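Everything on this sheet refers to the single structure shown next.
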Amino acid sequence: MPLEMEDRARALENEYFHRKEQELIEKLRAHLAVENAKATELQCPKCDGTLMEANYQDIKIDVCNICHGVWFDAGELAQVIDKDKDGGWFGRLFG
Ligand SMILES: [Zn+2]
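Counting with our numbering, you get residues 9 to 103 for the letters of the sequence shown.
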């Protein structure tokens, strides 16, 4: 394959994965937004937002109400993925 075409193929591939990634993030955000329960005392490390405590299968996840950053405490991400192995929404996203 000529070099130019290889570059083009790679660019398309990158674009594809970027788009997939964006879709996953949007799904995750939409889901967490539904389950947002109460504001915590914590401020977002990234912006002026307040971290909301979202509950996912008894695991607390902090989600910023402005930038929608998701913050896991140590081990929480592993717990979420672990709990979700059997076909939950998180498992579908990352499985
Ligand atoms: Zn934020």
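Note that the Cβ used here is the ideal one computed from N, Cα and C, for glycine as well.
These numbers were taken from a predicted model, which means no experiment stands behind them.
Within a 10 Å sphere around the beta-carbon of I33 sit fewer than 16 other beta-carbons, which makes this residue exposed. R27 has its alpha-carbon roughly 24 Å from the corresponding atom of L11. Beta bridge pairing from DSSP links E61 with K46 and D70. Taking every residue with its beta carbon within less than 5 Å of a heavy atom belonging to ligand 1 gives, in chain order, C52, K54, C55, G57, C72, I74, C75 and G77.
Annotation for D81: no alpha helix (DSSP H) segment contains it, and DSSP assigns it neither H nor E. The C-alpha of N22 lies about 24 Å from the C-alpha of C75.
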